[in-house]
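Notes to accompany the following structure.
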Amino acid sequence: MTCDLKSFKMALTFHHPTTFVNMVIFHTNMTTTRNIVSDAPDDGFVSHHNLATAIILVVICIVGIVGNIFVIVAVQLTRRLQTFTNVFVVVLSCTDFLTAMTLPFQGGTLLGLVDAYPAFAVVCEVIGGLSFIFNGWSIITLVVIAFNRYILITHQSQTYRRIFCKKNIAIMLAVILSYPLCSVILFGTTGWAVFGEKCNTCAVVEGRAFNLLSGISMVTLMVAILYFYLKIYLHVRNHVRKVHDKLENQNPQPSSTQQSSVESSRKQV
Numbered sequence: 001m002t003c004d005l006k007s008f009k010m011a012l013t014f015h016h017p018t019t020f021v022n023m024v025i026f027h028t029n030m031t032t033t034r035n036i037v038s039d040a041p042d043d044g045f046v047s048h049h050n051l052a053t054a055i056i057l058v059v060i061c062i063v064g065i066v067g068n069i070f071v072i073v074a075v076q077l078t079r080r081l082q083t084f085t086n087v088f089v090v091v092l093s094c095t096d097f098l099t100a101m102t103l104p105f106q107g108g109t110l111l112g113l114v115d116a117y118p119a120f121a122v123v124c125e126v127i128g129g130l131s132f133i134f135n136g137w138s139i140i141t142l143v144v145i146a147f148n149r150y151i152l153i154t155h156q157s158q159t160y161r162r163i164f165c166k167k168n169i170a171i172m173l174a175v176i177l178s179y180p181l182c183s184v185i186l187f188g189t190t191g192w193a194v195f196g197e198k199c200n201t202c203a204v205v206e207g208r209a210f211n212l213l214s215g216i217s218m219v220t221l222m223v224a225i226l227y228f229y230l231k232i233y234l235h236v237r238n239h240v241r242k243v244h245d246k247l248e249n250q251n252p253q254p255s256s257t258q259q260s261s262v263e264s265s266r267k268q269v
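Just so we're aligned: 118 in the UniProt record's numbering is position 118 of the sequence shown, and the numbers increase by one with no gaps anywhere.
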């Protein structure tokens, strides 16, 4: 196996800035959707906690939309970035752009729009399902990007080109898009998952099996991401050590006898 440090640096410099915005959007949306418990009374009063959270969601929405548009435009305008592997980066930006678009609706639910406008309840059901679909697309794409970087850095170029050919990339994209979409449609149509307003957020109202599947999938995918990047770190660290040892062997330090002879000659001069 060989290590292409130039490819490694290019992969990190292009992927790292996007990941920060994407992970902030993903973590905030999932946390807000599942874990926020509103303390607002039933008389329509909006608590300061919910108001502050809604404002934060709107700010993250703006940052996510602008940041991901920059990534998409950069790939579109820069021919060097228009590669098959960067398709996953564009897909990640598109899915996180859609995720960011759902955050204002989550903020509106926190402000009690479902109670104030009954028609908003239907919107909340749709947003609840779309949030799971978009978040699923994002996390699976992050796994594929991590796997892509792992193969690029730790394997030979022939292996990388064979795995990430045009046909295989199309299959990967089909899996990325189909799994979360089919899961939500299947559980939603069968009644095993009911989306709507819960604790002033658009989430799963009923669906223990769906929540269990989502939790297991989320943990598994996160472990996969950590595994691939840990393997990359270990591989690069070992490669740097080997290069350092090789350089030391090529340029050995002078022995003590040689040093003493050099010093004595200097004194004579």
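Cβ coordinates follow ideal geometry from the N, Cα and C atoms, glycine included.
These numbers come from a predicted model, not from an experiment.
Between the CA atoms of residue j and residue i - distance to the nearest angstrom
i    : j    : result
T95  : D245 : 45 Å
Y227 : Q156 : 20 Å
I56  : V66  : 16 Å
V75  : A116 : 43 Å
L186 : L81  : 37 Å
V243 : I232 : 17 Å
V223 : N200 : 31 Å
F70  : N211 : 34 Å
G64  : T159 : 35 Å
T78  : S93  : 16 Å
G196 : V184 : 13 Å
I225 : A121 : 36 Å
H239 : R161 : 22 Å
V204 : L247 : 59 Å
G108 : F164 : 42 Å
V73  : T83  : 14 Å
Buried/exposed call for residue i, threshold 16 Cβ in 10 Å
i    : result
W137 : buried
L5   : Note that L5 has pLDDT 44, beneath the 50 cutoff, so the model's placement of it is unreliable and no number is given.
P118 : exposed
G191 : exposed
R241 : exposed
N135 : buried
R172 : The question names Arg, but residue 172 is Met in the sequence shown. Buried, since its Cβ has 16 or more Cβ neighbours within 10 Å.
T32  : Residue confidence is low: T32 scores 43 on pLDDT, short of 50, so the model does not pin down where it sits. Its coordinate-derived value is still stated next. With 16 or more Cβ atoms within 10 Å of its Cβ, T32 is classed as buried.
N249 : exposed
R208 : exposed
A174 : exposed
I216 : exposed
A146 : buried
V219 : exposed
Residue from the options whose Cα sits closest to the Cα of residue i
i    : options                   : result
L230 : I176, L92, F120 and V143  : V143
N85  : A116, V114 and K166       : Just to set this straight, residue 85 is Thr in the shown sequence, not Asn. Ranking the options by Cα distance to T85, first place goes to K166.
I176 : V204, E206, T141 and S157 : T141
I151 : H235, S93 and V63         : H235
L103 : S131, L81, T190 and I69   : S131
R237 : T109, A203 and I153       : I153
K198 : L221, L113 and I232       : L113
A54  : F105, R149 and I145       : F105
I169 : V89, C182, N50 and V73    : V89
I62  : F97, C124, E125 and A52   : F97
T99  : G129, V194 and A146       : G129
V126 : V219, V91, V87 and A193   : A193
H48  : Y179, L111, I72 and G188  : L111
E206 : L181, G188 and T220       : G188
V123 : M101, C202 and I72        : C202
M101 : V59, N148 and Y179        : V59
DSSP-derived helix/strand/coil call for residue i
i    : result
F195 : strand
A203 : strand
C165 : coil
A119 : coil
I132 : In the sequence under discussion, the amino acid at residue 132 is Phe, which differs from the Ile named in the question. Helix.
S183 : helix
L221 : helix
F88  : helix
L111 : coil
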